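Colleague: Residue numbers (this note's numbering): 11 to 746.
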């Protein structure tokens, strides 16, 4: 017996020893079996997936009493429907009853569709106590608000708007106070009152967003001015917006993120429902951008499907949130360019790589169009300067008319590059233009840009036919472009074909005034002759330049100094452009003098900063805007430090003065104006000789009239025009 046990034990011990010696293979087999089991279970789960976002509810699950041994699981006879939205809570601010009527009409239409609706007079609603409750409500808040006298809310909406404005900037509430609230805004206004058109609707939309609310559809703007209304009348504008809102309401009720386009299979829209990474509500603006334009959503969209990038204004460097919207379409056709134009660009390639992106994303294009830009191709734009409009009416020209003799009504303000390498605190477009340090976008030919720029400019001039006060002779003259201010926005010198563009301007007898931000020294050196070349000198020390211009280049100061040296090498007219920001850069007198000695410009323009409104991109206020007397005081002090310069001209209306080199003072008279016909003769000889027959600044000067000289009684205002001053001054963001 003992022998048998010994045999069994010996056999068992041998097996265990064999297993131990071959344990690696045992582990491998075990891992394979476990992995196979996990894979099979995952495959079975995929066949019956749990719908994302749907909570497990006891009512939706099978009742425990229905489980019986040996029987099939029975389905609960009733399931509770998941309610995503109940209806609309409609607030109105009305003075004459129009908004109230729209509210009642919308409420009735919504009820007919099976949704709840509640109409609320804003004066009967306390936002301080009740508005936060809307964050957890399944109702969508709709605001129908009219703009009353001087851009103010109507009487019944005054307290609501006042509280909302204060809360939006009160740190005690924060930017998540209304998180979870879904809203839509429709403003009622009249575009005849251009300074205050629909300001209440725009402001209300902005304040709600700043407090964390989510817009469910684009803001609507109804225009009582029939000639300007998008759909022909205020009522028609509301009907179009109401259609979009109702479509969104129905989509939200079904759990879809956007209305069904009708192209999905059997209307299931499943693919749209499963899109990952898309917020439930559309139209949210990007974080970190707070200018008013940011919150403006398209008010004139007629498309059935809602736009996904409503009001999202992004810089090119901040493309993370809109990368899926970048147009990477291949260029439809190759553009052939003349050999001469290619040579002007230093032999740069003129054909684009197929995958280069558009500079203007749909969101940027939308935002810039709203600001009045006429966009050209994929990276250029033109806009009518307010001084052009002023001179058409005989109300005076800009400082360039006073300093250099341009005809403001014949000046086209444009740019071949909307992109810039700085994000200046006083940017008068609140950084709605793209930014970048090098050209990495698709490129349009110079011929196309100039042709369309002139055509768009002429169309803008034609719109002034019949406008009261416009002088017919000047209107006809304005259709013939004589000057081009390459200072609209962005950095024109970034455009790879800038030399070709300048060549085409001069061929058409159009003078060129080009402004650069002093970050591209090589491009300045390679630039062909320009009528007048500007460099913006917004600060005189490394620290203040970084603080004011907020450049993108890490070696911005080295580039800045190199650009000033490059400017000193140019033989044609050169200008330093100084923008004074009180409490920021007005005390850096000696440092400014050193920079002027570095570049030796012909002229120095000193201008007080223009306040362009509140923006999260800038902390500037009206307190940073110097008075004209303060600018004069600064320029006098600066002139005392510059033995070769003196104050030549003044344009009080623009808060601007001109320091000129003594070489422009001949026999006691200033010669700062330009002989434009002479310049075109000289530049033609230069081009025909291949650059051998050059010319200098003094070869095309003209005498400055007495009214433009500093100290004159006119203070720089042309006596042939009539000074016009508004009773209620409002900021105007146009102009160079």
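Glycine included, C-beta positions come from ideal geometry on N, C-alpha and C. What you are looking at is a predicted structure, and each value in this text was computed from that prediction instead of being measured.
(1) Measure the alpha-carbon distance for residue 566 versus residue 683 and round it to whole angstroms.
(2) For a cutoff of 8 angstroms on Cβ pairs, would you count residue 451 as touching chain C?
(3) How far does the alpha helix (DSSP H) with residue 687 in it extend, from its first residue to its last?
(4) Start and end of the alpha helix (DSSP H) containing residue 587?
(5) To the nearest angstrom, report how far apart residue 238 and residue 135 are at their CA atoms.
(6) Take every Cβ of the segment 144-152, pair it with every Cβ of the segment 189-199, and state whether three or more of those distances are shorter than 8 angstroms.
(7) Quick check on residue 533: buried or exposed, where buried means 16 or more other Cβ atoms within 10 Å of its Cβ?
(8) Secondary structure at residue 569, three-state DSSP: helix, strand or coil?
(9) Excluding the 5 residues flanking residue 503 on each side, which residues of the same chain have their C-beta closer than 6 angstroms to its C-beta?
(10) Does DSSP put residue 232 in a helix, in a strand, or in coil?
(11) Which residue wins for smallest C-alpha separation from residue 123, given the options 638, 137, 256?
(12) Please go through the same chain and pick out, in chain order, the residues whose beta-carbon is closer than 7 angstroms to the beta-carbon of residue 574, but skip the five residues on each side of it.
(13) Could you have a look at residue 191 and say whether DSSP puts it in helix, strand or coil?
(14) Which complete alpha helix (DSSP H) runs does the segment 465-550 hold, if anything under 4 residues is left out?
(15) Could you tell me how far apart the beta carbons of residue 501 and residue 427 are, in whole angstroms, since I believe they sit closer than 8 angstroms?
(16) Who are the Cβ neighbours of residue 552 in its own chain at under 6 angstroms, not counting the five residues just before and after it?
(17) Kindly indicate which three-state DSSP category residue 158 falls into: helix, strand or coil?
(18) I need the straight-line Cα distance from residue 158 to residue 212, nearest angstrom please.
(19) Can you find the residues in the same chain that come closer than 7 angstroms, C-beta to C-beta, to residue 21, ignoring five residues on each side of it along the sequence?
(20) Kindly indicate the opening and closing residues of the alpha helix (DSSP H) around residue 424.
(21) Looking at the structure shown, is residue 119 part of a helix, part of a strand, or coil, going by DSSP?
(22) Hey, would you say residue 639 sits closer than 8 angstroms to residue 657, going by beta carbons?
(23) Going by DSSP, what residues sit across from residue 670 in a beta bridge?
(24) Kindly indicate which three-state DSSP category residue 237 falls into: helix, strand or coil?
(25) In the structure shown, what three-state DSSP assignment does residue 661 receive?
(26) Can you tell me whether residue 369 is helix, strand or coil according to DSSP?
(27) Going by DSSP in three states, residue 577 sits in which element: helix, strand or coil?
(28) Could you tell me the alpha carbon to alpha carbon distance between residue 653 and residue 589, rounded to whole angstroms?
(29) Return the CA-CA distance between residue 205 and residue 199, expressed in angstroms with no decimal places.
(30) In three-state terms, what does DSSP make of residue 397?
(31) Taking the continuous beta strand (DSSP E) assigned at residue 202, which residues delimit it?
(32) Can you give me the C-alpha to C-alpha distance between residue 45 and residue 31, rounded to a whole angstrom?
(33) Quick test of the definition: if touching needs 3 or more C-beta pairs under 8 angstroms, does the segment 517-526 touch the segment 480-494?
(34) Using three-state DSSP, classify residue 416 as helix, strand or coil.
(35) Can you tell me which residues form a DSSP beta bridge with residue 98?
(36) For residue 560 versus residue 433, is the C-beta distance shorter than 8 angstroms?
Modeller: Reading it off the structure:
(1) By one-based count along the chain shown, residue 566 stands at place 556. By one-based count along the chain shown, residue 683 stands at place 673. When rounded, the distance between both Cα atoms is 33 angstroms.
(2) Of the chains in the structure shown, none is chain C; there is only one protein chain.
(3) Residue mapping note: residue 687 aligns to position 677 of the chain shown, counting from 1. Where residue 687 is concerned, the enclosing alpha helix (DSSP H) stretches over 686-698.
(4) Reading the chain shown from its first residue, position 577 is the one you call residue 587. Counting along the chain, residue 587 falls outside any alpha helix (DSSP H), though it belongs to the beta strand (DSSP E) covering 584-590.
(5) The sequence position of residue 238 within the chain shown is 228, counting from 1. The sequence position of residue 135 within the chain shown is 125, counting from 1. If you take the alpha carbons of residue 238 and residue 135, they lie about 34 angstroms apart.
(6) yes
(7) Here residue 533 corresponds to residue number 523 of the chain shown, with the count starting at 1. Residue 533 is buried by the Cβ-count criterion.
(8) For the purposes of this step, residue 569 is identified with residue 559 of the chain shown, where counting begins at 1. Residue 569 falls in the helix class under three-state DSSP.
(9) Within the chain shown, residue 503 is the residue found at index 493, counting from 1. Cβ within range, chain order: 526, 530, 533.
(10) Position 222 of the chain shown, counted from the start, is the residue given in the question as residue 232. Residue 232: strand per DSSP, three-state reduction.
(11) Along the chain shown, one-based indexing puts residue 123 at 113. Per the Cα distances, 256.
(12) Reading the chain shown from its first residue, position 564 is the one you call residue 574. Hits under 7 angstroms: 528, 545, 605, 608, 609.
(13) Taking the chain shown and counting its residues from 1, the one referred to as residue 191 is at position 181. Coil.
(14) 482-488, 508-517, 531-535
(15) Within the chain shown, numbered from 1, the residue matching residue 501 stands at position 491. Within the chain shown, numbered from 1, the residue matching residue 427 stands at position 417. That belief holds up - the Cβ atoms of residue 501 and residue 427 are roughly 6 angstroms apart, short of 8 angstroms.
(16) As a working note, residue 552 is residue 542 in the chain shown. Correct list, in chain order: 567.
(17) In the chain shown, counting from the first residue as 1, residue 158 sits at position 148. Residue 158: coil per DSSP, three-state reduction.
(18) The count along the chain shown starts at 1 and reaches residue 158 at position 148. The count along the chain shown starts at 1 and reaches residue 212 at position 202. Taking the straight line joining both Cα atoms gives about 13 angstroms.
(19) Locating residue 21 in the chain shown gives position 11, counting from the first residue. For residue 21, where only same-chain residues beyond five positions count, there are no Cβ hits under 7 angstroms.
(20) Taking the chain shown and counting its residues from 1, one reaches residue 424 at position 414. That residue, residue 424, is in no alpha helix (DSSP H); its beta strand (DSSP E) goes 421-425.
(21) Taking the chain shown and counting its residues from 1, the one referred to as residue 119 is at position 109. Helix at residue 119.
(22) Your numbering for residue 639 matches position 629 in the chain shown. Your numbering for residue 657 matches position 647 in the chain shown. Going by C-beta atoms, residue 639 is not nearer than 8 angstroms to residue 657.
(23) Counting from one through the chain shown, the residue named residue 670 turns up at place 660. Answer is 613, 656, bridged to residue 670.
(24) As a first step, residue 237 is located in the chain shown; it is residue number 227 there, counting from the start. For residue 237, the secondary structure class from DSSP, reduced to helix, strand or coil, is coil.
(25) Here the question's residue 661 lines up with position 651 in the chain shown. Looking at residue 661 - three-state DSSP - the assignment turns out to be strand.
(26) Position 359 of the chain shown, counted from the start, is the residue given in the question as residue 369. Coil.
(27) Against the chain shown, residue 577 aligns to sequence position 567. Residue 577 falls in the helix class under three-state DSSP.
(28) Your numbering for residue 653 matches position 643 in the chain shown. Your numbering for residue 589 matches position 579 in the chain shown. The straight-line gap separating the alpha-carbon atoms of residue 653 and residue 589 is approximately 22 angstroms.
(29) Position 195 of the chain shown holds residue 205. Position 189 of the chain shown holds residue 199. Rounded to whole angstroms, residue 205 to residue 199 spans 11 angstroms at the Cα level.
(30) Indexing the chain shown from 1 puts residue 397 at position 387. If DSSP states are grouped into helix, strand and coil, residue 397 belongs with the helices.
(31) By 1-based counting over the chain shown, the position of residue 202 is 192. Taken as a continuous stretch (DSSP letters only), residue 202 belongs to no beta strand (DSSP E), as it is neither H nor E.
(32) The count along the chain shown starts at 1 and reaches residue 45 at position 35. The count along the chain shown starts at 1 and reaches residue 31 at position 21. Taking the straight line joining both Cα atoms gives about 24 angstroms.
(33) yes
(34) Here residue 416 refers to the residue found at position 406 of the chain shown. Three-state DSSP puts residue 416 in coil, outside helix and strand.
(35) Numbered from 1 along the chain shown, position 88 holds the residue referred to as residue 98. Note: residue 98 sits in a beta bridge opposite 127, 150.
(36) By 1-based counting over the chain shown, the position of residue 560 is 550. By 1-based counting over the chain shown, the position of residue 433 is 423. Yes, the Cβ-Cβ distance between residue 560 and residue 433 is below 8 angstroms.
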